[in-house]
Structures are given as structure tokens and as C-alpha cells.
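K.L.:
Here the protein sequences line up with chains A and B, keeping their order.
Under our numbering, the first residue of the first sequence carries the number 3, and numbering increases by one thereafter.
Under our numbering, the first residue of the second sequence carries the number 2, and numbering increases by one thereafter.
Below you will find the structure I want to go over with you.
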Amino acid sequence: EAQVTQNPRYLITVTGKKLTVTCSQNMNHEYMSWYRQDPGLGLRQIYYSMNVEVTDKGDVPEGYKVSRKEKRNFPLILESPSPNQTSLYFCASSLSKVQETQYFGPGTRLLVL
Amino acid sequence: KNQVEQSPQSLIILEGKNCTLQCNYTVSPFSNLRWYKQDTGRGPVSLTIMTFSENTKSNGRYTATLDADTKQSSLHITASQLSDSASYICVVRGPSASNFGNEKLTFGTGTRLTIIP
């Protein structure tokens, strides 16, 4: 089944404790992206990747890192999480940026205490 | 600043009734407009996509319309079902301010639709 998977789905952590949210797609998509969704603000792009080893900042990249060592994986790293990063995070992928029908993962709900 | 505004914020209707959701945008120039459905606790799923040259697109009971002159789009749901209860998000693709010149997506904040039996 074609899908985007994220892990973990739920995470509670404390300020400053490094964490990684994994994202994997099995559709051989080139373009992958991370979003955060907050009430009243809609989805905002954090980082995106056009292909392996090609990443760029989205609208709200502060406090986040990403890597794209393999085509299927695009982990989101929070080196020193803070409470303002409490949010619902979505990973998405598409065949290419031009084709751009994005397929979203199920979401990761993060709480930073 | 490019914006996408959706109305109403929330809507409650009886099962079987029709409804229309609105999306106004200021993104310019504009490449395409997409409507997503997001069930509670899940990721958004694409419903329709329209380019500036298209003024209507259907997907089952969902029909999206686009007026590129007034920068307005609507999503009409016919004969609503309980499974239509979800958030509906309007997304517009337009120019990016990045050095790469790539287009970017601007998301609306969504309309929360609740269908009651």
C-alpha cells in the first residue's frame, strides 16, 4: 500500500531533550516536506527536500533540522525542543514539486513540557 | 503578503443537506488551487485541484469552483453524509520569495464541517 509513515505518533518530552521524528514513504517520491499545524494558523512548512541531499528552509525552520540521505526517509530533528514547538507535525511527499499532489502522513502530536 | 482566507470557520448542517465552503486568496500570480479534506487526527487528503484556466472540478459529491478574476473558490458538498465531517483546507500555489524562485503553497486555516444525523 502506498503510504507515508511517521513515528512516533505521539510524543511527550521535556525542554532541551533532543528528539527525532521519522518519516518514510514507499512511493519513490522525490519531494518531501515537513509541516506543523497549530490552531488558527493552518499548516506551515518547516523544511522541504527536492531530492536526496537537497533540502531547503520553509516558512518556520527555526529550531528544526532535517536530513535526506535516502530518497524514502526524511527525518525531522529537534536538537533542543522548547514548549513553543508543541504542535501537530505532518510529513508529506509528492512525485515531484511540479506534479505536487502531496500525500500526507498520519501526523505526530508533540508536547514539550 | 500572500494570504488564503476561508469561511466560515465552522459549519454544522443536517445529514443530507448541501453546503458551500468559501476560499478567498490574494496569492498572485497563481498556479493552482487545491482543496484538501482532513479528518480529525489524520493527515489531509487531496479532493480537487484547479489551474487558473479551470473554473470547476468535481470529485463525486464534491464540486469545486474557481473565479480567478475575483480570486475566489468554493467547495460545494451535495447530499452530505456523516463521513463528510472533517476540516476542509484550501491551498493556493504561488510564487515563493526564496532565492530558488520555487513556488510555494499557502494554506488556509480551514473550515470545520460537522454533519449531524
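For each residue, glycine too, the CB sits at the ideal point set by N, CA and C.
Predicted, not measured: the structure shown is a model, and the values here were computed from it.
#1: At a Cβ cut of 9 angstroms, what residues of the stretch 101-114 of chain A count as close to chain B, listed as they run along the chain?
#2: Thinking C-alpha only, which one of B:C91, B:I117 and B:G95 is nearest G44 of chain A?
#3: Let me know the secondary structure DSSP gives S84 of chain B once reduced to three states.
#4: Going by beta carbon distance, what residues of the same chain come within less than 6 angstroms of Q73 of chain B, once the five residues before and after it are set aside?
#5: So that I know if they touch, is there some Cβ in chain A lying closer than 8 angstroms to that of T110 of chain B?
#6: Beta carbon of Q104 of chain A, beta carbon of R74 of chain A: below 8 angstroms?
#7: Is it true that the CB of P77 of chain A sits closer than 8 angstroms to the CB of S84 of chain A?
#8: Could you give the distance in angstroms between the alpha-carbon of Q8 of chain A and the alpha-carbon of G42 of chain A?
#9: Counting contacts by CB-CB distance shorter than 8 angstroms, is G65 of chain A in contact with chain B?
P.N.:
The structure says:
#1: E102, T103, Q104, Y105, F106, G107, P108, G109 and R111
#2: The count along the first sequence starts at 1 and reaches residue 44 of chain A at position 42. Per the Cα distances, B:C91.
#3: Stepping through the second sequence from its first residue, residue 84 of chain B is reached at position 83. Reduced to three states, the DSSP call for S84 of chain B is helix.
#4: The residue labelled residue 73 of chain B in the question sits at position 72 within the second sequence. If we look at Q73 of chain B and ignore the five residues flanking it on each side, its Cβ neighbours are N25.
#5: On the second sequence, position 109 is the one that residue 110 of chain B refers to. Yes, T110 of chain B counts as interfacial toward chain A.
#6: If you number the first sequence from 1, residue 104 of chain A lands on position 102. If you number the first sequence from 1, residue 74 of chain A lands on position 72. Cβ atoms of Q104 of chain A and R74 of chain A: not closer than 8 angstroms.
#7: Your numbering for residue 84 of chain A matches position 82 in the first sequence. Your numbering for residue 77 of chain A matches position 75 in the first sequence. The answer is no: Cβ separation not under 8 angstroms.
#8: Locating residue 8 of chain A in the first sequence gives position 6, counting from the first residue. Locating residue 42 of chain A in the first sequence gives position 40, counting from the first residue. Distance between the alpha carbons of Q8 of chain A and G42 of chain A is about 24 angstroms.
#9: Numbered from its first residue, the first sequence carries residue 65 of chain A at position 63. It does not: the Cβ of G65 of chain A has no partner Cβ on chain B nearer than 8 angstroms.
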